[in-house]
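Numbering of the sequence shown is given in my numbering, commencing with residue 8 and proceeding in unit increments.
A virtual CB, placed ideally from N, CA and C, is assigned to each residue, including glycine.
These figures come from a predicted structure and were not determined experimentally.
Contents: one structure, followed by commentary.
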Amino acid sequence: MFWQVQTNIVVSLILGIIIAHAFFRLDKSELINRLFMYLIGLDILIMLLEIGSVIFNTKNLSTFRVLHLIVNILGFIIVPVFLLLGVLYFECWLQKALRAKIKCNRWIYVPAIILFVLTLINIRTGWIATVSLENDYIRGQLFWIVPTITLFYLGYGILLIWRYHKRLTAYKYIMGLMYFTIIALVVGVQIVCEDYLTIWSTVGGLLVCAYVFNIIDGLQYDALTMVENKQSYLSYTSKLARKQKLTLTAINIDLDDFKIINDRYGHQEGDEALKNFSQILRGSFPYKHRIFRMGGDEFLILSEQQNKKQMIKYMERFKERVKVYNASSGKVYDLKFSYGMDSYNSDYKCVEEFLKYVDSMMYTQKEKKKRRRI
């Protein structure tokens with residue numbers, strides 16, 4: 008009996024540590040973080056109920072039949088709630104990865120709601136699962152609905168990842184597919200081999216992985232502007248330097264008169280200006296562009312996908328959006344910036360030399376603006 012639940016016990020303890028850490032460290036005002044903690048909590052609860060089901064599933068404990076029945080019923084009731092929150096979490100994750108809103112059909116929640124209703128009806132009918140008078144757990148005639156709806160949502164996740172794969176980084180695309188594929192495999196195992204309780208401990212392990220990956224990813228991003236930081240830039244450019252054939256376009260952008268905003272209106276307003284500027288920047292360039300905050304009010308955009316002509320189009324779009332923002336923001340100051348842009352070619356000895364040149368182009372433009380004012 009113990010071998011069936013020992014993994015559940017270990018994973019539950021690990022998830023308990025994770026949720027305690029997440030409670031104190033994650034920003035609970037963000038929906039995606041709250042959903043993540045709800046999923047961990049529900050997974051722990053389901054695994055504990057599974058442990059109880061295994062313990063009570065013996066004729067020697069027939070006096071605990073009612074408790075055995077309650078444990079199983081609660082487990083099945085929680086499953087559709089977990090699936091529903093899982094879909095919401097995945098949609099939030101995908102929107103964050105794409106840096107854009109995606110169209111989500113509300114009908115996608117219907118199967119989970121139907122399953123929830125069926126689990127409530129199951130209390131009286133035993134259609135999904137029940138406990139015999141001899142205290143044996145028995146799958147009902149409609150049990151197949153539970154794994155079918157679960158696999159439906161896993162397929163939905165894979166479909167969404169495939170739909171947006173061109174806009175995802177290779178890392179996030181592969182990791183997303185791996186998550187859904189692994190869960191689908193263990194669902195299949197548990198359907199065929201009822202004694203192997205593999206689903207929820209595997210989900211728990213993947214939640215631990217997701218938390219670790221989120222922490223690692225968080226180290227690569229600037230908390231204020233939500234673009235990649237200098238550490239991420241150094242890692243990325245070191246990889247670029249090792250490439251034999253390189254297609255790369257860079258734009259170096261620096262806010263004009265940012266010190267004046269800080270000095271006149273305070274550092275809090277300066278932070279607000281940086282956040283707004285970054286938001287416009289992220290919305291103006293396609294998803295596979297890498298945007299870095301190099302420090303202070305300086306940003307760098309790198310693209311291996313686009314040539315200089317295409318980047319000029321995106322830059323014009325960015326300029327237009329900044330104009331619209333300045334006209335409608337109600338701020339007493341305007342967001343202004345200088346920039347340099349070029350594409351890597353054989354004239355440059357290395358990536359570092361190329362990026363220094365783009366940086367110098369930006370400062371040249373900034374100096375020209377200062378001389379005009381004089």
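So is residue i buried or exposed if we call it buried at 16+ other beta carbons inside 10 Å?
{"i": "residue 129", "result": "buried"}
{"i": "residue 178", "result": "exposed"}
{"i": "residue 232", "result": "buried"}
{"i": "residue 206", "result": "buried"}
{"i": "residue 119", "result": "buried"}
{"i": "residue 254", "result": "exposed"}
{"i": "residue 27", "result": "exposed"}
{"i": "residue 300", "result": "buried"}
{"i": "residue 203", "result": "exposed"}
{"i": "residue 225", "result": "exposed"}
{"i": "residue 241", "result": "exposed"}
{"i": "residue 104", "result": "buried"}
{"i": "residue 284", "result": "buried"}
{"i": "residue 12", "result": "buried"}
{"i": "residue 384", "result": "Summary: the structure shown does not reach residue 384, with the chain confined to residues 8 through 381, and so no result is reported for it."}
{"i": "residue 19", "result": "buried"}
{"i": "residue 309", "result": "buried"}
{"i": "residue 140", "result": "exposed"}
What do you reckon, are the CB atoms on residue i and residue j nearer than 8 Å?
{"i": "residue 174", "j": "residue 295", "result": "yes"}
{"i": "residue 349", "j": "residue 368", "result": "yes"}
{"i": "residue 42", "j": "residue 90", "result": "no"}
{"i": "residue 156", "j": "residue 127", "result": "no"}
{"i": "residue 270", "j": "residue 343", "result": "no"}
{"i": "residue 75", "j": "residue 15", "result": "no"}
{"i": "residue 144", "j": "residue 60", "result": "yes"}
{"i": "residue 268", "j": "residue 340", "result": "yes"}
{"i": "residue 304", "j": "residue 354", "result": "no"}
{"i": "residue 306", "j": "residue 234", "result": "yes"}
{"i": "residue 297", "j": "residue 243", "result": "yes"}
Helix, strand or coil for residue i per DSSP?
{"i": "residue 235", "result": "strand"}
{"i": "residue 138", "result": "strand"}
{"i": "residue 23", "result": "helix"}
{"i": "residue 33", "result": "coil"}
{"i": "residue 311", "result": "coil"}
{"i": "residue 305", "result": "strand"}
{"i": "residue 344", "result": "strand"}
{"i": "residue 190", "result": "helix"}
{"i": "residue 256", "result": "strand"}
{"i": "residue 292", "result": "coil"}
{"i": "residue 152", "result": "helix"}
{"i": "residue 96", "result": "helix"}
{"i": "residue 49", "result": "helix"}
{"i": "residue 349", "result": "strand"}
{"i": "residue 355", "result": "coil"}
{"i": "residue 228", "result": "strand"}
{"i": "residue 145", "result": "strand"}
Once you ignore the five residues that flank residue i on each side, which residues in its own chain have a CB closer than 7 Å to its CB?
{"i": "residue 150", "result": "135 and 136"}
{"i": "residue 34", "result": "40"}
{"i": "residue 52", "result": "85"}
{"i": "residue 154", "result": "194 and 198"}
{"i": "residue 21", "result": "215"}
{"i": "residue 115", "result": "94 and 163"}
With a threshold of 8 Å on Cβ separation, who are the neighbours of residue i within its own chain once the five nearest residues in sequence on each side are excluded?
{"i": "residue 328", "result": "287, 290 and 291"}
{"i": "residue 302", "result": "237"}
Give me, in chain order, the residues of the same chain whose beta-carbon lies closer than 6 Å to that of residue i; leave out the 5 immediate sequence neighbours on both sides.
{"i": "residue 172", "result": "180"}
{"i": "residue 365", "result": "257, 259, 347 and 349"}
{"i": "residue 165", "result": "187"}
{"i": "residue 239", "result": "227"}
message: Any contact between the segment 198-216 and the segment 42-59? By contact I mean 3 or more CB pairs, one from each, below 8 Å.
response: The way I'd put it, the segment 198-216 does touch the segment 42-59; three or more beta-carbon pairs between them come closer than 8 Å.
* Using 8 Å as the threshold, is the segment 151-163 in touch with the segment 180-200, meaning 3 or more CB pairs across them? -> Contact between the segment 151-163 and the segment 180-200 is present, because at least three Cβ pairs lie under 8 Å.
Taking three-plus beta-carbon pairs below 8 Å as touching, is the segment 358-372 in contact with the segment 272-289?
-> They do not touch, by the three-pair rule.
Three Cβ pairs or more, each shorter than 8 Å: is that satisfied between the segment 50-69 and the segment 85-97? With the cut-off at 8 Å, the segment 50-69 and the segment 85-97 touch.
- Meets three-Cβ-pair contact criterion under 8 Å: the segment 98-116 and the segment 63-70: The segment 98-116, when compared against the segment 63-70, does not touch it at the 8 Å Cβ threshold.
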